[in-house]
Amino acid sequence: HDAKASTRGLRVFDPSLTAEDPRRLALVTELRTAVHEGQLEVHVQPQAEVLTGRVVSVEALVRWTHPQLGRVGPDEFIPVAERSGLIGPLTTLVLDRSLAAVAAWRAAGTDLSVAVNLSTRSLHDTDLVDEVARLLRRHDVPSDRLTLEVTEGSVMADPARTIAVLHQLRDLGCRLSVDDFGTGYSSLSYLKRLPVQEVKIDQSFVTGLRSGGEDVAIVRAIVDLGRHLGLAVVAEGVEDQETWDLLADTGCDLVQGWHLGRPMPTADLPGWLGDRARSTPARPLRAV
Ligand code: C2E
Ligand code: MG
Ligand code: MG
Ligand code: MG
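Going by full-length UniProt numbering, the sequence shown opens with residue 552, and the numbers climb by one from there.
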């Protein structure tokens with residue numbers, strides 16, 4: 552990748568940046584270095600079938616360890632990357648590392664899918680579809696092993712344009728997922744228009760399941776909606792067995808969260824899977 556070409560966006564003056572706090576301004580400079588000098592890492596968090604506990608996929612989550620600032624969270628630096636022209640190279644880096652990991656696991660006999668988050672700007676990048684196609688070819692990974700996660704918010708920022716890009720990604724054979732579902736302001740009619748195969752229930756609803764009440768109704772409604780539209784439903788933020796069991800009762804398909812596993816370096820996943828196979832007896836199927 553040409554480093555000069557990918558930072559070209561930085562020369563465009565973005566007036567919104569000047570109104571920001573000094574840390575955020577400093578982060579722009581630091582993040583540029585991080586992207587090009589290897590401070591970014593991709594961690595993966597497992598996703599399992601709710602009924603069997605079988606791990607079928609992982610979500611890629613970018614990690615930044617700054618030499619002085621330490622860990623900076625993606626919730627802080629992804630918006631910075633979006634506004635400074637760095638989201639393109641960052642997304643390419645995450646896709647590249649994620650598909651390299653899937654290819655390595657496949658070569659070792661473990662067939663897993665990977666989900667990569669796309670931000671709003673990435674969905675407006677005309678190069679995105681070509682980049683995805685190029686990286687799938689480069690790593691020789693079947694396109695249906697790559698899921699791309701988008702939020703309702705990023706779709707609503709420019710629906711016509713985003714839906715066109717989603718169709719192009721779908722034509723490549725990638726899977727598409729709506730992340731943080733239920734927190735955005737899109738209408739349900741948009742969900743019908745999006746060429747997606749999956750919804751991820753936002754963790755704010757999942758966390759509230761154990762205490763009963765409204766979140767139970769919301770989670771059930773999302774699962775039912777997903778089933779009726781023929782979409783896979785993933786619950787994120789599953790932190791305990793009780794929540795997992797409640798999700799099994801709703802008919803949700805996949806779970807992701809600390810109770811199953813924390814995000815980890817891609818190289819650690821095979822060992823983690825091995826430990827899990829040795830220590831976890833096959834989960835008995837629950838009657839649902
Ligand atoms: P997300 O895509 O909704 O990712 C789920 C977040 O929940 C991750 O936070 C994950 O570490 C965290 N999480 C997973 N299981 C649990 C749990 O059981 N309990 C709790 N409390 N949290 C859990 P993370 O890694 O800090 O990422 C935050 C957000 O940053 C992501 O939300 C995503 O929107 C964005 N992000 C992360 N990596 C990337 C990336 O490579 N590209 C883009 N564009 N955005 C990314
Ligand atoms: Mg996500
Ligand atoms: Mg999410
Ligand atoms: Mg989120």
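Idealized CB from N, CA, C, for every residue including glycine.
For residue i, name the three-state secondary structure that DSSP assigns.
i: SER649; result: helix
i: GLY621; result: strand
i: SER664; result: strand
i: HIS810; result: coil
i: GLN792; result: helix
i: SER737; result: coil
i: LEU797; result: helix
i: THR831; result: coil
i: HIS594; result: strand
i: LYS555; result: Because LYS555 sits at a pLDDT of 41, beneath the cut-off of 50, its placement in the model cannot be relied upon, and the point is left open.
i: VAL613; result: strand
i: GLU765; result: helix
i: GLU633; result: helix
i: VAL586; result: helix
Would you call residue i buried or exposed, if buried means 16 or more other Cβ atoms sit within 10 Å of its Cβ?
i: LYS743; result: exposed
i: PRO816; result: exposed
i: ALA585; result: buried
i: ASP826; result: exposed
i: THR616; result: exposed
i: ALA611; result: buried
i: SER830; result: exposed
i: GLU627; result: exposed
i: ALA599; result: buried
From the options, pick the residue whose C-alpha is nearest to that of residue i; which is it?
i: GLU749; options: GLY759, GLY763, ASP775, ILE769; result: ASP775
i: PRO597; options: VAL606, GLY589, GLN590; result: VAL606
i: GLY812; options: THR643, TRP823, ASP800; result: TRP823
i: VAL683; options: GLY589, SER830, LYS751, ASP647; result: ASP647
i: residue 545; options: GLY724, VAL729, SER737, ARG721; result: Any answer about residue 545 is impossible in this case: the structure gives the chain only from 552 up to 839.
i: THR801; options: LEU760, GLY636, PRO814; result: LEU760
i: VAL806; options: VAL609, GLU592, ALA577; result: VAL609
i: VAL784; options: LEU697, LEU637, ARG685, ASP731; result: ASP731
i: VAL623; options: ALA772, ALA577, THR671, ARG634; result: ALA577
i: CYS803; options: LEU782, ASP678, ARG685; result: LEU782
For my contact list, residue i and residue j are in at a C-beta cut-off of 8 Å; report their separation, rounded to the angstrom.
i: GLN719; j: VAL680; result: 4 Å
i: VAL613; j: LEU674; result: In fact, because the Cβ distance is near 17 Å, the residues do not count as touching under 8 Å.
i: TRP795; j: VAL601; result: 7 Å
i: LEU641; j: ALA632; result: 5 Å
i: GLU787; j: VAL757; result: 6 Å
i: residue 849; j: VAL645; result: The shown model of the chain, from 552 to 839, leaves out residue 849, and the question about it has no answer.
| query | So which residues touch the region around ligand 3, with touch meaning a C-beta under 7 Å from any heavy atom? | reply | Those residues, listed in chain order, are ASP730, ASP731, LYS751, ASP753, GLN754, GLU787.
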